[in-house]
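Engineer: The structure's right below; bear with me while I get my questions together.
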Amino acid sequence: MVGALVPLEGGAFETPGVKDFRFFCEGSPQVASGEAVAGCTFGVDWMNKPFWQAIIGAGLVIVLWYLASRNLKKVPTKGQFFWEYVYDFIRNGVGRDILGPEYRRYLPYLLGLFSFLVVNNWFGETFVFMLPTFSNIGYAWALAIMSWFIYIGAGISKHGFGHYMKMQLIPEGVPVYLYPVIVPLEFLSNFITRPLTLGLRLFANMFAGHLVVMVFVIGGAYLLTFPHNPFYNVSGAVSLLFSFAILFLELFIGFLQAYIFTVLTAQYIHSSLAEAH
Numbered sequence: 000m001v002g003a004l005v006p007l008e009g010g011a012f013e014t015p016g017v018k019d020f021r022f023f024c025e026g027s028p029q030v031a032s033g034e035a036v037a038g039c040t041f042g043v044d045w046m047n048k049p050f051w052q053a054i055i056g057a058g059l060v061i062v063l064w065y066l067a068s069r070n071l072k073k074v075p076t077k078g079q080f081f082w083e084y085v086y087d088f089i090r091n092g093v094g095r096d097i098l099g100p101e102y103r104r105y106l107p108y109l110l111g112l113f114s115f116l117v118v119n120n121w122f123g124e125t126f127v128f129m130l131p132t133f134s135n136i137g138y139a140w141a142l143a144i145m146s147w148f149i150y151i152g153a154g155i156s157k158h159g160f161g162h163y164m165k166m167q168l169i170p171e172g173v174p175v176y177l178y179p180v181i182v183p184l185e186f187l188s189n190f191i192t193r194p195l196t197l198g199l200r201l202f203a204n205m206f207a208g209h210l211v212v213m214v215f216v217i218g219g220a221y222l223l224t225f226p227h228n229p230f231y232n233v234s235g236a237v238s239l240l241f242s243f244a245i246l247f248l249e250l251f252i253g254f255l256q257a258y259i260f261t262v263l264t265a266q267y268i269h270s271s272l273a274e275a276h
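Numbers 0 to 276, taken from numbering that gives the first Met the number 0, label the letters of the sequence shown in order.
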């Protein structure tokens, strides 16, 4: 399988890499130089595959929850039972447990956030798409910034701007002479590090997982069809079989990262609403 990572026969095999996650218009310098994959709409670079996946993912979430909430029955059908289980999973396991009595106000965002993340993460294992949307770091940052606005806005709405900033920047019991050290550290921790780590964690897991799948699938296919070398052929077959195991693992990781992102968002909202920092 190591051979899948090494160009063979004069460089006929090209190892998957960062370039496979970049999409530009046909004829752009990035595509011409081999640094990116061609693919955009209306000649606009940012209207590319991840963009349309995000649009489709948002549409799917809206349609699925609209259909799930129609014609609800006292004795639920199997479909209604499934969607109620998903709803209860976020309402009870995330909203109510973390936010307490104020969870109802933020439950629609948390439920929509979790659903949107799962759908877009699972695009990486779905035929036609075969790319997790958040393997493009810009979309991970965008979602992290949205959550940042939600939990900062929640704190300002409840406590007022001045009191909220004081709570976040000056922990109780800290002596005045330590303010020059504590205030910058608390600002960095609460307002900069949180959204950075929130987006980076999601991006890194989706990017790395999909890259591993690509290496095993593309490398395995190359080795399987390599002429006159049974060792490479067997290695390629094993690599392709192992890629299915990785695909199932990525389904779990996609769900897990959606859950972690949603839980952390709820915890940040809770920290903003709390009376004491």
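For glycine and all other residues, C-beta sits at the position ideal for the given N, C-alpha and C.
Let me check understanding here. Comparing Cα to Cα, which of G56, K72, Y86 and V127 lies closest to V117?
Structural biologist: V117 has its Cα closest to that of G56, out of G56, K72, Y86 and V127.
Engineer: Distance check for K157 and L4, CA to CA, integer angstroms please.
Structural biologist: Residue placement at L4 is poorly supported in this model, since its pLDDT is 42, which falls under 50; the coordinates still yield a value, given next. Cα to Cα, L4 sits roughly 54 Å from K157.
Engineer: Quick check on E185: buried or exposed, where buried means 16 or more other Cβ atoms within 10 Å of its Cβ?
Structural biologist: When all chains shown are included, E185 counts as buried.
Engineer: Are the CB atoms of A53 and G119 within a distance shorter than 8 Å?
Structural biologist: Just to set this straight, residue 119 is Asn in the shown sequence, not Gly. A contact, by the Cβ cut-off of 8 Å.
Engineer: Which ranges would you report for the beta strand (DSSP E) in the segment 10-67 if only whole runs of at least 3 residues count?
Structural biologist: With a minimum length of 3 residues, no continuous beta strand (DSSP E) run stays inside the segment 10-67.
Engineer: What does the Cβ neighbour count give for S68, buried or exposed, with the cut at 16 atoms within 10 Å?
Structural biologist: Exposed: under 16 other Cβ atoms inside 10 Å.
Engineer: Please report how far the alpha carbon of L248 lies from the alpha carbon of M129, in whole angstroms.
Structural biologist: The straight-line gap from Cα to Cα measures roughly 15 Å.
Engineer: Quick check: the segment 167-180 against the segment 232-246, are there 3 or more CB pairs under 8 Å?
Structural biologist: Contact between the segment 167-180 and the segment 232-246 is absent, because fewer than three Cβ pairs lie under 8 Å.
Engineer: Between the C-alpha atoms of F20 and E171, what's the straight-line distance to the nearest angstrom?
Structural biologist: Spanning the two alpha carbons is a distance of roughly 46 Å.
Engineer: Looking at the structure shown, is P170 part of a helix, part of a strand, or coil, going by DSSP?
Structural biologist: P170 falls in the coil class under three-state DSSP.
Engineer: I'd like to confirm something about I55: is its beta-carbon nearer than 7 Å to some heavy atom of the ligand GTP, or not?
Structural biologist: Ligands displayed in this structure: none; no statement on the ligand GTP is therefore possible.
Engineer: Could you check how far apart the C-beta atoms of Y150 and Y267 are, in whole angstroms? I think they sit under 8 Å.
Structural biologist: The pair is a contact, with the Cβ atoms about 4 Å apart (cut-off 8 Å).
Engineer: With C-beta atoms as the reference, is A139 less than 8 Å away from G198?
Structural biologist: It is a contact, given that the beta carbons lie within the stated cut-off.
Engineer: With a threshold of 16 other CB atoms inside 10 Å of the CB of H209, please say whether the residue is buried or exposed.
Structural biologist: The residue in question, H209, is buried, as its Cβ has 16 or more Cβ neighbours within 10 Å.
Engineer: Can you round the beta-carbon distance between L112 and T264 to whole angstroms, since I take them to be within the 8 Å contact cut?
Structural biologist: Going by Cβ atoms, the distance from L112 to T264 rounds to 6 Å, so yes, they are a contact pair.
Engineer: Measuring alpha carbon to alpha carbon, tell me which of S234, A273 and F88 ends up nearest A220.
Structural biologist: Closest by alpha carbon: S234.
Engineer: Alpha carbon to alpha carbon, what distance is there between I181 and F126?
Structural biologist: If I take the Cα positions, the gap works out to 50 Å.
Engineer: Given that a residue counts as buried once 16 or more other Cβ atoms are within 10 Å of its Cβ, and exposed if not, what is S114?
Structural biologist: Buried.
Engineer: Out of C24, K73, P15 and F251, point me to the one whose CA is closest to E124's CA.
Structural biologist: Comparing Cα positions, the closest option is F251.
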